[in-house]
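Student: Have a look at the structure that comes next, please.
Protein chains: 2
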Amino acid sequence: MEYLFHPGQRGQGMKKSARAKAASNTAGLAPPLDFDALRQSIARAQSALPRRLTQAAEYALAHPDEIALGTAASIASAAEVQPSTLVRLAHQLGFGGFSEFQSVFRDRLRLRAATYDERLRRIEQGTTDGSYEDALLNGFLTAARQSIERLSETIDVAAFARCVGVLAKAETIYLVARRRAYPMAAHMSYSFGKLSIRAVTLDSANGIDQEIVTMATAKDAAIVCSFAPYAPASLAQAQSLSERHVPLVVLTDSALSPLAAMATHWLEVSESDFAGFRSLSAGMALATALPVAVAERRRFSFPAAGPAAHGQKIPATRGIA
Amino acid sequence: MEYLFHPGQRGQGMKKSARAKAASNTAGLAPPLDFDALRQSIARAQSALPRRLTQAAEYALAHPDEIALGTAASIASAAEVQPSTLVRLAHQLGFGGFSEFQSVFRDRLRLRAATYDERLRRIEQGTTDGSYEDALLNGFLTAARQSIERLSETIDVAAFARCVGVLAKAETIYLVARRRAYPMAAHMSYSFGKLSIRAVTLDSANGIDQEIVTMATAKDAAIVCSFAPYAPASLAQAQSLSERHVPLVVLTDSALSPLAAMATHWLEVSESDFAGFRSLSAGMALATALPVAVAERRRFSFPAAGPAAHGQKIPATRGIA
DNA sequence: CCCGGGATGAAACAAATATTCCATCCTTCC
DNA sequence: GGAAGGATGGAATATTTGTTTCATCCCGGG
């Protein structure tokens with residue numbers, strides 16, 4: 002799980018000086034918990050606020066990212082006030098100090114970078130006061146959501162298109178995946194079959210995989226799925242295929258993967274985890290898209306001329322299963 | 002003008018200590034200027050990097066937001082390394098210190114937050130003005146998102162808990178799934194194995210499945226995953242198991258499923274589709290959660306008394322793979 | 001088996017940063 | 001117009017945070 006540790010966060014034991022001051026704020030009330038509450042709080046206090054405090058508050062609302070990432074000194078300079086003014090503003094709004102005030106802006110940045118309905122979810126999620134199973138389920142669903150979200154933000158469409166191009170030209174597609182990644186290969190194998198695309202999964206229990214590998218040529222291609230800790234068997238087969246000049250399309254979890262180095266093209270799929278168990282949802286989404294994309298590419302661009310610009314948005318390849 | 006002052010930024014006069022160290026990095030080269038360059042830089046250095054440095058680098062690529070917003074100490078703690086290791090990593094990559102390294106992540110966060118609204122709009126509209134592959138990818142990612150969303154809205158936590166209860170009591174868990182649902186069984190099989198829970202997948206190619214079914218008793222349990230059009234083999238096996246009074250936990254797509262009728266307990270997983278191809282992301286999320294939940298239930302509630310309310314939110318069962 | 005040499009962890013140290021204090025300035029009410 | 005109260009700026013101080021140092025550990029070569 003992530004976001005466990007928020008430095009400068011409210012809720013950690015207040016330091017003595019902060020505690021002393023917290024009681025002395027004008028409102029004498031609890032500080033706003035999120036950005037929206039803070040905005041309202043400022044609007045309400047607005048009229049009763051001294052000149053410089055108003056100036057600082059206006060700057061804060063106008064440049065929230067600066068507050069989140071800057072230091073008291075840098076912000077003060079940009080807002081043309083003194084650092085002490087920022088501290089006073091924080092106290093005035095009910096915070097124990099500037100750092101607490103700042104953490105609201107940092108949380109906001111975090112949540113913005115994440116997504117939207119995820120934010121709602123995360124806020125709601127703090128209140129899964131129900132059963133143990135409830136917490137587990139929510140944890141894994143959140144991990145799945147985050148994974149999908151991250152994939153759609155980080156996926157390099159051009160790289161995906163290149164992978165599709167490589168696979169569309171292949172005579173036979175070899176599928177390599179073990180252990181945790183295996184379901185991805187299983188699903189692609191099924192989809193390729195449905196789409197009448199020749200694909201072979203290297204998962205035989207009879208140890209003949211190595212012999213099958215030696216039948217692959219540069220005219221074929223392979224899809225290798227592997228995540229840390231990378232299954233030795235997958236690495237070895239990828240190595241063999243690479244040495245035989247078989248184009249390699251790799252789906253792996255980071256640029257640090259040993260597979261990224263030997264790949265012709267590779268895609269990053271980094272899954273979130275809950276309680277140490279990683280999601281597979283993003284990988285499965287990719288494993289669903291890839292075969293369809295290959296089938297479409299073959300329909301339109303192969304064996305005819307290059308990457309013709311065809312207007313359709315919906316694949317003609319129609320539903321299976 | 003804004004963003005004039007970036008604390009800890011490169012480009013401001015280097016402090017003496019930083020200058021001294023900057024020359025001593027292994028590469029002796031200029032530090033990466035943006036996140037992508039940094040990622041590549043890490044990938045390149047990867048093989049020559051010591052163990053802890055690799056560990057820190059992996060954490061950095063996996064949790065970029067944490068690096069941006071955290072402190073050296075908080076990050077070190079989360080990545081399970083020493084703060085000094087982070088400084089060493091920064092030096093190794095050509096930065097003058099941790100702060101310079103961190104500023105790359107902060108800049109990235111700034112940019113991300115800036116373009117966030119635009120991207121979100123694009124995703125929601127589905128107006129991917131780019132290539133055909135872009136449209137496909139977005140379609141499948143949207144389908145995955147919707148599936149997860151729907152599952153988290155409609156899932157009946159009590160029913161899930163009952164399923165977990167049934168499976169926790171089973172001596173052996175039989176896994177039944179074919180075709181499109183097969184990856185779910187494959188994944189659960191893997192997880193159960195990792196968790197030392199006895200599970201048997203009925204997917205043998207040698208036609209002995211039926212004989213295995215006859216070995217199941219009422220003390221065991223089965224998980225059947227099947228979606229329309231329901232694979233005949235799965236239906237038949239579910240029927241056999243049901244007749245032998247083996248408790249049946251069914252994961253299927255609607256109340257109309259023939260499997261819902263014969264199930265002891267069943268869960269609804271209805272996936273969205275794109276271009277007729279249904280997602281599997283929600284099902285995989287459920288398939289990830291189920292084995293962990295069973296393992297946890299066994300740890301706490303079994304063979305002791307019933308569904309005791311235990312307070313823990315985080316499973317003691319720790320990460321696999 | 002012993003001996004370097006690099007890697008690692010822990011803690012001391014240095015720099016940066018937030019916070020507080022106080023003298024001064026403005027404002028406003030008598 | 002003068003005094004009192006709060007607001008302000010600037011500098012001193014306290015705290016946090018990043019960095020360096022050094023003793024120890026681990027691994028590979030002789």
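Sequence lines, in order, name chains A and B. Using the working numbering, the first residue of the first sequence is number 2, and each one after it goes up by one. Using the working numbering, the first residue of the second sequence is number 2, and each one after it goes up by one. In this text, a Cβ means the ideal position worked out from N, Cα and C, and glycines have one as well. Predicted model, so just to flag it, every value in this text is computed and none were measured.
How big is the Cα-Cα spacing for B:P230 and A:V201?
Tutor: For this step, residue 230 of chain B is matched to residue 229 along the second sequence. For this step, residue 201 of chain A is matched to residue 200 along the first sequence. In a straight line, the C-alpha of B:P230 is about 24 Å away from that of A:V201.
Student: What do you reckon, are the CB atoms on A:Y183 and B:A49 nearer than 8 Å?
Tutor: Taking the first sequence and counting its residues from 1, the one referred to as residue 183 of chain A is at position 182. Taking the second sequence and counting its residues from 1, the one referred to as residue 49 of chain B is at position 48. It is not a contact, given that the beta carbons lie outside the stated cut-off.
Student: Could you give the first and the last residue of the continuous beta strand (DSSP E) run that contains A:E269?
Tutor: Within the first sequence, the letter at position 268 stands for residue 269 of chain A. Here the beta strand (DSSP E) through A:E269 covers H266 to E269.
Student: DSSP beta-bridge partners for A:L133?
Tutor: Within the first sequence, numbered from 1, the residue matching residue 133 of chain A stands at position 132. Sequence check: residue 133 of chain A is Tyr here, not Leu. Partner(s): none; A:Y133 has no beta bridge.
Student: By alpha-carbon positions, which one of A:F96, A:L291, A:R299 and A:A261 ends up nearest to B:A44?
Tutor: Within the second sequence, numbered from 1, the residue matching residue 44 of chain B stands at position 43. When only C-alpha atoms are compared, the closest one is A:A261.
Student: Out of B:R300, B:L291 and B:E67, state which residue places its alpha-carbon closest to the alpha-carbon of A:G140.
Tutor: The sequence position of residue 140 of chain A within the first sequence is 139, counting from 1. Checked all of B:R300, B:L291 and B:E67; the closest Cα to A:G140 is B:L291.
Student: If the criterion is Cβ atoms closer than 8 Å, does the pair A:V293 and A:A223 meet it?
Tutor: Taking the first sequence and counting its residues from 1, the one referred to as residue 293 of chain A is at position 292. Taking the first sequence and counting its residues from 1, the one referred to as residue 223 of chain A is at position 222. For A:V293 and A:A223, no; Cβs fall outside 8 Å.
Student: Please state if the CB of A:S148 and the CB of A:S282 are separated by a distance shorter than 8 Å.
Tutor: For the purposes of this step, residue 282 of chain A is taken as residue 281 along the first sequence, with counting starting at 1. For the purposes of this step, residue 148 of chain A is taken as residue 147 along the first sequence, with counting starting at 1. Against a cut-off of 8 Å, the Cβ pair of A:S148 and A:S282 comes out as a contact.
Student: Roughly how many whole angstroms lie between the Cα atoms of A:D221 and B:A74?
Tutor: Stepping through the first sequence from its first residue, residue 221 of chain A is reached at position 220. Stepping through the second sequence from its first residue, residue 74 of chain B is reached at position 73. Taking the straight line from one Cα to the other gives about 49 Å.
Student: Can you give the Cα-Cα distance for B:R107 and A:L110, rounded to whole angstroms?
Tutor: One-based indexing of the second sequence puts residue 107 of chain B at position 106. One-based indexing of the first sequence puts residue 110 of chain A at position 109. Straight-line Cα distance between these residues: approximately 11 Å.
Student: Determine which residues share a DSSP beta bridge with B:R279 and list them.
Tutor: Here residue 279 of chain B is taken as the residue at index 278 of the second sequence, counted from 1. BP columns for B:R279 point to B:D274.
Student: For the candidate residues A:I68, A:R245, A:M189 and A:K170, whose alpha-carbon lies nearest to that of A:T215?
Tutor: Counting from 1 along the first sequence, the entry for residue 215 of chain A is found at position 214. Measuring from the Cα of A:T215, the nearest candidate turns out to be A:R245.
Student: So that I know if they touch, is there some Cβ in chain B lying closer than 8 Å to that of A:A162?
Tutor: Counting from 1 along the first sequence, the entry for residue 162 of chain A is found at position 161. Yes, because at least one Cβ of chain B sits closer than 8 Å to the Cβ of A:A162.
Student: What number of angstroms, rounded off, separates the C-alpha of B:L249 from the C-alpha of A:G166?
Tutor: Counting from 1 along the second sequence, the entry for residue 249 of chain B is found at position 248. Counting from 1 along the first sequence, the entry for residue 166 of chain A is found at position 165. Straight-line Cα distance between these residues: approximately 44 Å.
Student: Relative to the alpha-carbon of A:S227, which residue among A:E272, A:V247, A:E212 and A:L39 has its alpha-carbon at the smallest distance?
Tutor: Here residue 227 of chain A refers to the residue found at position 226 when the first sequence is read from its first residue. Relative to the Cα of A:S227, the nearest Cα in the group A:E272, A:V247, A:E212 and A:L39 belongs to A:E272.
Student: Hey, does A:S42 have any beta-carbon neighbour from chain B nearer than 8 Å?
Tutor: Translated into positions along the first sequence, residue 42 of chain A becomes position 41. Not flagged as an interface residue toward chain B: A:S42, since no C-beta distance is shorter than 8 Å.
Student: Please classify A:P32 as buried or exposed, where buried requires at least 16 neighbouring CB atoms within 10 angstroms.
Tutor: Indexing the first sequence from 1 puts residue 32 of chain A at position 31. A:P32 comes out buried.
Student: Which whole-angstrom value describes the C-beta separation of A:T143 and B:S280, a residue pair presumed to lie in contact below a C-beta threshold of 8 Å?
Tutor: The count along the first sequence starts at 1 and reaches residue 143 of chain A at position 142. The count along the second sequence starts at 1 and reaches residue 280 of chain B at position 279. Here A:T143 is actually not in contact with B:S280; their C-beta atoms are around 17 Å apart, not less than 8 Å.
Student: Quick one, which residues of the segment 132-153 of chain A are near chain B if we go by CB-CB under 9 Å, in chain order?
Tutor: Taking 9 Å as the cut-off between beta carbons, the residues of the segment 132-153 of chain A near chain B are S132, Y133, E134, D135, A136, L137, L138, N139, G140, F141, L142, T143, A144, A145, R146, S148, I149, E150, L152 and S153, in sequence order.
Student: Based on DSSP bridge pairs, tell me the residues matched to A:C164.
Tutor: Counting from one through the first sequence, the residue named residue 164 of chain A turns up at place 163. In the DSSP output, where bridge partners are listed per residue, A:C164 has none listed.
Student: At 7 Å on the CB atoms, spell out the chain B contacts of A:I156, in chain order.
Tutor: For this step, residue 156 of chain A is matched to residue 155 along the first sequence. Simply L138.
Student: Output, in chain order, the set of chain B residues within a Cβ distance shorter than 7 Å of A:L34.
Tutor: In the first sequence, counting from the first residue as 1, residue 34 of chain A sits at position 33. Going along chain B, no residue has its Cβ under 7 Å from A:L34, so there is no contact; the nearest lies around 18 Å.
Student: Could you name the residues of chain A that B:H188 contacts, counting a contact when the two beta carbons are closer than 7 Å?
Tutor: One-based indexing of the second sequence puts residue 188 of chain B at position 187. Result: P184 and L281.
Student: Provide the residue(s) that pair with B:I174 in DSSP beta bridges, ordered along the chain.
Tutor: Position 173 of the second sequence holds residue 174 of chain B. In DSSP, B:I174 forms a bridge with B:A200 and B:A222.
Student: Buried or exposed: where does B:P233 fall if 16 or more other Cβ atoms within 10 Å of its Cβ makes it buried?
Tutor: Counting from 1 along the second sequence, the entry for residue 233 of chain B is found at position 232. The residue in question, B:P233, is exposed, as its Cβ has fewer than 16 Cβ neighbours within 10 Å.
Student: So B:T55 is in the alpha helix (DSSP H); what residue range does that whole segment cover?
Tutor: Position 54 of the second sequence, counting from 1, holds the residue named residue 55 of chain B. Run containing B:T55: R52 to A63, per the alpha helix (DSSP H) assignment.
Student: Enumerate in chain order the residues of its own chain whose CB-to-CB distance from B:A58 is below 7 Å, with the five nearest sequence positions on each side excluded.
Tutor: Translated into the one-based positions of the second sequence, residue 58 of chain B becomes position 57. Taken in chain order, the residues that qualify are I43, L50 and L90.
Student: Name, please, each residue of chain A whose Cβ falls closer than 7 Å to the Cβ of B:A294.
Tutor: As a first step, residue 294 of chain B must be located in the second sequence, where it is residue number 293. E134 and L137, listed in chain order.
Student: Could you work out which residues of chain B lie near A:E297, taking near to mean beta carbons separated by less than 8 Å?
Tutor: Here residue 297 of chain A refers to the residue found at position 296 of the first sequence. The answer, in chain order, is Y133 and L137.
Student: Please name the residue or residues paired with A:L252 in a DSSP beta bridge.
Tutor: For the purposes of this step, residue 252 of chain A is identified with residue 251 of the first sequence, where counting begins at 1. For A:L252, which the question treats as bridged, DSSP gives the partners A:C226 and A:L268.
Student: Buried or exposed: which applies to A:D274, given that a residue is buried once 16 or more other Cβ atoms fall within 10 Å of its Cβ?
Tutor: Within the first sequence, residue 274 of chain A is the residue found at index 273, counting from 1. The residue is buried, with at least 16 neighbouring Cβ atoms inside 10 Å.
Student: Applying a beta-carbon distance threshold of less than 7 Å, which residues of chain B neighbour A:F99?
Tutor: Position 98 of the first sequence holds residue 99 of chain A. Chain B residues near A:F99: none, gap ~14 Å exceeds 7 Å.
Student: Which residue comes first and which comes last in the alpha helix (DSSP H) that contains A:T86?
Tutor: Walking along the first sequence from the start, residue 86 of chain A turns up at place 85. Segment P84 to Q93, the alpha helix (DSSP H) holding A:T86.
Student: Going by alpha carbons, who is nearest to B:A276 out of A:L168, A:E81, A:E297 and A:A206?
Tutor: Within the second sequence, numbered from 1, the residue matching residue 276 of chain B stands at position 275. Here the closest residue by C-alpha is A:E297.
Student: So if I threshold CB-CB distances at 7 Å, which residues from the segment 185-219 of chain A count as touching chain B?
Tutor: Listed by position along the chain: A187, H188 and Y191.
Student: Since B:Y289 meets chain A, which of its residues come closer than 9 Å, beta carbon to beta carbon?
Tutor: Indexing the second sequence from 1 puts residue 289 of chain B at position 288. Before going on, a small fix: residue 289 of chain B reads as Thr here, not Tyr. Per Cβ cutoff of 9 Å: F141, A144, A145, F275, F278, R279, S280, L281 and S282.
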